[in-house]
Amino acid sequence: MMQQFKTLSGPIHWGAVTAHLNIEQTPDESLISNISIIPVVGDQYVVMQLEDGRWELIGGTLEPGEHYMDGLRRELMEEIGAELVSYQPFGHFQCSSMAEAAYRPHINHPNFIRLLGYGEVKIVAKPLNPEDGEKVSLVELVDIDEAVRRFESIKRYDIAEMYRLAHIVRTGK
510 MMQQFKTLSG
520 PIHWGAVTAH
530 LNIEQTPDES
540 LISNISIIPV
550 VGDQYVVMQL
560 EDGRWELIGG
570 TLEPGEHYMD
580 GLRRELMEEI
590 GAELVSYQPF
600 GHFQCSSMAE
610 AAYRPHINHP
620 NFIRLLGYGE
630 VKIVAKPLNP
640 EDGEKVSLVE
650 LVDIDEAVRR
660 FESIKRYDIA
670 EMYRLAHIVR
680 TGK
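Put into structure tokens, the structure is as follows:
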């Protein structure tokens, strides 16, 4: 299956971090430091746009001592004003950082895991946009083709492929 996802089938470079997607093994939960979700409401996919115009993946870094599911719930409310209904992990990125120190002191370094899944959410409020977080300007529900188009329009082929992969795993199509 991964051969059809050109960007996700090889190493991905996010700044000082190199990541490899693994959809076959269960991750070591003690190494999870980041959580990501492809959120859905019924048959629609949730996308968010930051104030600078970039479309971005929903999720983020765990706080000290935070379980990844609690982090996911927090990130959903902060970024898209949503409550989590269900979450199904379908892969994880095995990440390795070339930076001298961890992004945050409590994060595993230089190797850590970003858990990736899809899940049903319920939009209940506007994004919280905390002072220390990304500033979200727009949250929309779109079909899978439109979600992919938006990420590809800003050359974020990695996120576009994550949405496509989530769609295939979720629907079988």
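Heads up: the sequence shown at position 46 corresponds to 555 in my numbering, and the numbers run straight through without jumps.
Glycine included, each C-beta is placed from N, C-alpha and C at the ideal position.
Could you tell me if Asp654 is buried or exposed, where buried requires 16 or more neighbouring beta carbons within 10 angstroms of its beta carbon? For the purposes of this step, residue 654 is taken as residue 145 along the sequence shown, with counting starting at 1. With fewer than 16 Cβ atoms within 10 Å of its Cβ, Asp654 is classed as exposed.
Residue range of the unbroken alpha helix (DSSP H) whose run includes Ser662: Taking the first residue of the sequence shown as position 1, residue 662 is located at position 153. That run of the alpha helix (DSSP H) goes 653 to 662.
Under a three-way DSSP split, which group does Gln513 fall into? Here the question's residue 513 lines up with position 4 in the sequence shown. Gln513 falls in the helix class under three-state DSSP.
Should Pro636 be labelled buried (16 or more other beta-carbon atoms within 10 Å of its own) or exposed? In the sequence shown, counting from the first residue as 1, residue 636 sits at position 127. Buried: at least 16 other Cβ atoms inside 10 Å.
Do the region 515 to 522 and the region 664 to 679 meet, that is, are 3 or more Cβ pairs less than 8 Å apart? yes
contact_flag[the region 619 to 629, the region 542 to 550] where n(CB pairs < 8 Å) is 3 or more: yes
Can you name the start and end residues of the alpha helix (DSSP H) that Val678 belongs to? By one-based count along the sequence shown, residue 678 stands at place 169. Val678 -> alpha helix (DSSP H) spans 666 to 680.
Nearest-angstrom Cα distance between Asp552 and Val651? If you number the sequence shown from 1, residue 552 lands on position 43. If you number the sequence shown from 1, residue 651 lands on position 142. Approximately 9 Å, taken between the alpha carbons.
Can you check whether the CB of Leu566 is closer than 8 Å to the CB of Ser646? In the sequence shown, counting from the first residue as 1, residue 646 sits at position 137. In the sequence shown, counting from the first residue as 1, residue 566 sits at position 57. No.
Cutting at 6 Å between CB atoms, please list the residues of its own chain near Ala656, excluding the five before and the five after it. Looking up residue 656 in the sequence shown gives position 147. Contacts found: Tyr554, Val556, Tyr672.
Rounded to whole angstroms, what is the Cα-Cα separation between Glu588 and Glu643? Residue mapping note: residue 588 aligns to position 79 of the sequence shown, counting from 1. Residue mapping note: residue 643 aligns to position 134 of the sequence shown, counting from 1. Cα to Cα, Glu588 sits roughly 8 Å from Glu643.
Exposure label - Trp564; buried when at least 16 CB within 10 Å: Walking along the sequence shown from the start, residue 564 turns up at place 55. The residue in question, Trp564, is buried, as its Cβ has 16 or more Cβ neighbours within 10 Å.
Residues sharing a beta bridge with Gln553, DSSP: As a working note, residue 553 is residue 44 in the sequence shown. Its beta-bridge partners are Val550.
Neighbour-count burial assignment, Val594, 16 or more Cβ in a 10 Å radius: For this step, residue 594 is matched to residue 85 along the sequence shown. Flag for Val594 reads exposed.
Under a Cβ-count criterion, where at least 16 other Cβ atoms within 10 Å of its own Cβ denotes burial, should Gly568 be classed as buried or exposed? On the sequence shown, position 59 is the one that residue 568 refers to. So Gly568 ends up on the buried side.
Output the distance between the C-alpha atoms of Gly590 and Val633, rounded to the nearest integer angstrom. Along the sequence shown, read from residue 1 onward, the residue named residue 590 stands at position 81. Along the sequence shown, read from residue 1 onward, the residue named residue 633 stands at position 124. Their Cα atoms are separated by approximately 6 Å.
Between Ala608 and Ile616, what straight-line distance do the alpha-carbon atoms span, to the nearest angstrom? Counting from one through the sequence shown, the residue named residue 608 turns up at place 99. Counting from one through the sequence shown, the residue named residue 616 turns up at place 107. Rounded to the nearest angstrom, the two C-alpha atoms are 13 Å apart.
Identify every residue that forms a DSSP beta bridge with Gln736. The first residue shown for the chain is 510 and the last is 682, placing residue 736 beyond what the model contains.
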